[in-house]
Amino acid sequence: MAGYCLFKLKHDIRVESKIWIAKEEIEKIIKTEVEPVPSLAALIKRQPFSLLEDYVIHRITRLPYLGRVQGFMAYGMVNEDGLKALADKLTYIREFYYITTERDLISSFLKGDASDCSGLKDVGPATQIFIQNEPFLATLIMIPTQTLLELGSETLKLPYVTFTKHEENLRHRIVLMEKGVERGIDEMFYHILKEHSRQPWLGLYKQHIGDYVDWAFSDFRTWGLHFIHHHEGKADPWLARSVVNLLDIPPGGTLLDPFCGSGTFLADAPLLGINVVGVDINPLSCLIARVKCNAAFLPIHELREAVVALGNTALRLFSNRTLSFEKLFSDVKHYIDSLSAGDLIKDFLYVILSRQTKDSQKRNVKNIWLTFMDDMIHFYLLTYCYQKILERMNVNPTPNVRIILGDSRNIDTYVSHVDGIATSPPYFDAIDYVKSSKISIELLGLKPEPETVDRLTIGSKAASFINQAELHSLPISSQILVKQFLTHGRLKKAEIVLNYLCSMRDCLRGFYKILREGGRCIFVVGRYHHWTFGEQNYEVDGAQVLIDLGEQAGFALEAELTHNISKIEAGDRIKEESIIVWKKGLEKSARDPNRSERIFREYTKRSISSLL
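Take 1260 as the starting number for the sequence shown in our numbering and just add one per residue.
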């Protein structure tokens, strides 16, 4: 019997478009098409699933995604390395199951003869095999690393982590919390592998991780340092991770994000065996990206000592209630500068300090001190937990991370060859990328200054002019957009948009030059941009404008996927994203030339007041 590989979607996926992104991701990893499974319960009626024991059936049907599709099915033979690669890479899958009669494959996992075994066997940190005999049928159950990393953040909620504030000595307290995290990780693995069907206790006395944490309906999960600092226009970390898989970069290859921002597209690539290069014009963005992308490589014991030293010193500094926030910030920064710790440790502490600038003028010194300490300990423990889970899963990240402060219009001065490009580029004038960074850049003494960053940012509102030759050298969709502004007398806006389009075209030419033949470049952009011309509101197909610019640079469109932004995350302007997949050397483009001339469509703003 050929193997059956069943992928069960996570039950808490927020938007349905992620289901189809998950499908694309799986197909890219296993190099074959998969079949959607509308109902896991109905699937159990089909062979070979109808032959499975009750334990496996319960495991498969528990906590399904309640949408049009609950999982995906693939057929064929898979070797041990292929299954382990799936476990390393998958983003949206809670568990996957490989059902087979192939004894040799099962024996390779067992490191022994499969014929001598029956029932449930642990064969790895998050891998189990359920063996049925007469006839022989084995179900390999694997939990992806990504799922475990997300669940791992829940350990910080446990009593042996949170109930430690009675310990006044900061070093002793952190050591207690570390032990609590390790105990929580042990119990997490035990709970999801052995007691997966047990719900949390409702009583006051709770001893184990499953008693405190409802793995089914947690409010919010994170992993690594993805949320260590606010950043305007930050990409969805789950989407970013799946986009890296869609690039299909070979092990040891290099990923480039030329507009890396806080490093969301790059942060998980080292876990996949990929080298990363990030470029950004904003020095605060580069600082955050360096820390986020090196979460697996922070020297944890050295970091603990720095946290303890800074915590004890900050207590003394913040006890002076007469100092201004700027003076306190300067004193804490000066102490970080004086530490003998490595640059990566200092960068981590700078980012934690920068977090305190948000609403700093509205907060008193005591509140700033409390949040500073809480943030420093919280993100230290997240890093500690992250590294411990990777260690448990035998994941060896690739330590080659380069974050470069620079202008991607000159990309070939920083990097000469990459295997894949993934980014969310600046998008017309939808976001002011510099405003939220200004205070931190100034107080940390980062260079260049905010005014220079604003002027050099693609899409900047800095003065320009209409160059007719440049305008007519652009694709028809770009020309239509700029001329619409000119027709309605919006000269300044036309200048800004033209400058943006020319800059983006120049960037794409540079990206094409350094990308390997057959490599992919993926842009995640807002599908529509809303502008008002006269009395009428329009939706502008900004994704098509960028697709045309990419084609002019030499790329061929391989696919365009859709990602709907959940109502929780959606802003006023962008509610739907396009995932533009270009491929270098693709003979036939999937671009629709007719769409280029239809980038405008009228729309009516809807609000509750308009319905009353």
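The beta carbon of each residue, even a glycine, is placed where N, CA and C say it ideally should be.
Source: prediction; values computed, not measured.
HIS1788, DSSP secondary structure in three states: strand
PHE1389 versus GLU1754, VAL1784, ILE1319, residue with shortest Cα-Cα distance: ILE1319
Quick check: the Cα distance between ALA1753 and ILE1725, rounded to an integer number of angstroms? 8 Å
Could you tell me whether the region 1276-1283 touches the region 1485-1503, using the rule of 3 or more Cβ pairs below 8 Å? yes
Coarse secondary structure for SER1837, derived from DSSP in three states: strand
From the DSSP output, which residues share a beta bridge with ILE1201? Residue 1201 lies beyond the stretch modelled for the chain, which goes from 1260 to 1871, so this question has no answer here.
Quick one: what's got a C-beta closer than 8 Å to SER1675's C-beta in the same chain, skipping five residues either side? ILE1773
What does the alpha-carbon distance come out to for the pair TYR1356 and GLY1326? 20 Å
Check whether the region 1551-1571 touches the region 1596-1605, taking contact to mean three or more Cβ pairs, one atom from each stretch, closer than 8 Å. yes
Under 8 Å between C-beta atoms of VAL1503 and PHE1486: no
Does the distance from the CB of PRO1295 to the CB of PHE1331 come in under 8 Å? yes
Taking the alpha-carbon of SER1699 as reference, which of GLN1615, TYR1673, ASP1671 has the nearest alpha-carbon? GLN1615
Measure the C-alpha to C-alpha separation of ILE1480 and GLY1443 and round it to an integer number of angstroms. Just to set this straight, residue 1480 is Arg in the shown sequence, not Ile. Their backbone Cα atoms lie some 16 Å apart in a straight line.
Burial state of LYS1348 (16 or more Cβ within 10 Å): buried
6 Å Cβ shell around CYS1766 - same chain, five flanking residues per side excluded: SER1667, ARG1668
Counting along the chain, where does the beta strand (DSSP E) carrying GLY1443 start and finish? No beta strand (DSSP E) contains GLY1443, which is instead part of the alpha helix (DSSP H) from 1429-1453.
Please name the residue in ARG1661, ILE1648, GLY1570 whose C-alpha comes closest to that of ARG1430. GLY1570
Beta-carbon spacing of VAL1654, THR1513 below 8 Å: no
Beta strand (DSSP E) segment containing GLN1795, residue limits: 1795-1800
Does the pairing of the region 1335-1354 with the region 1396-1407 give three or more beta-carbon distances under 8 Å? yes
Inter-residue spacing [alpha-carbon to alpha-carbon] between CYS1519 and VAL1536: 9 Å
I need the straight-line Cα distance from THR1642 to GLN1727, nearest angstrom please. 53 Å
For ARG1353, count neighbouring Cβ atoms within 10 angstroms of its own Cβ and tell me buried if that reaches 16, exposed if not. buried
Counterpart residues of HIS1317 in DSSP-defined beta bridges: Beta-bridge pairing links HIS1317 to no other residue.
Please classify SER1702: is it buried, with 16 or more other beta-carbons within 10 angstroms of its beta-carbon, or exposed? One point to set straight first is that residue 1702 is Leu, not Ser, in the sequence displayed. Label assigned to LEU1702: buried.
Reduced DSSP category for ARG1614 - H, G, I as helix; E, B as strand; rest coil: helix
Where GLU1284 and ARG1362 are concerned, what is the direct C-alpha to C-alpha distance, given to the nearest angstrom? 29 Å
Under 8 Å, do ALA1397 and TYR1334 count as touching if we go by C-beta distance? no
Identity of the residues DSSP links to THR1682 by a beta bridge: PHE1782
Exposed or buried, ALA1721, counting other C-beta atoms within 10 Å across all chains shown (16 or more means buried)? exposed
Who pairs with ALA1815 in a beta bridge, going by DSSP? LYS1842
If we call anything under 8 Å between Cβ atoms a contact, is ILE1824 one with GLU1810? no
Cβ pair ALA1550, PHE1631 closer than 8 Å: The amino acid at residue 1550 is misidentified as Ala; the sequence shows Val. It is not a contact, given that the beta carbons lie outside the stated cut-off.
Given 8 Å, three or more beta-carbon pairs between the region 1646-1662 and the region 1528-1548: yes
Cβ separation of LEU1757 and LEU1730, assumed to be a contact under 8 Å, to the nearest whole Å: 6 Å
I'd like the span of the beta strand (DSSP E) that includes TYR1334, first residue to last. 1330-1334
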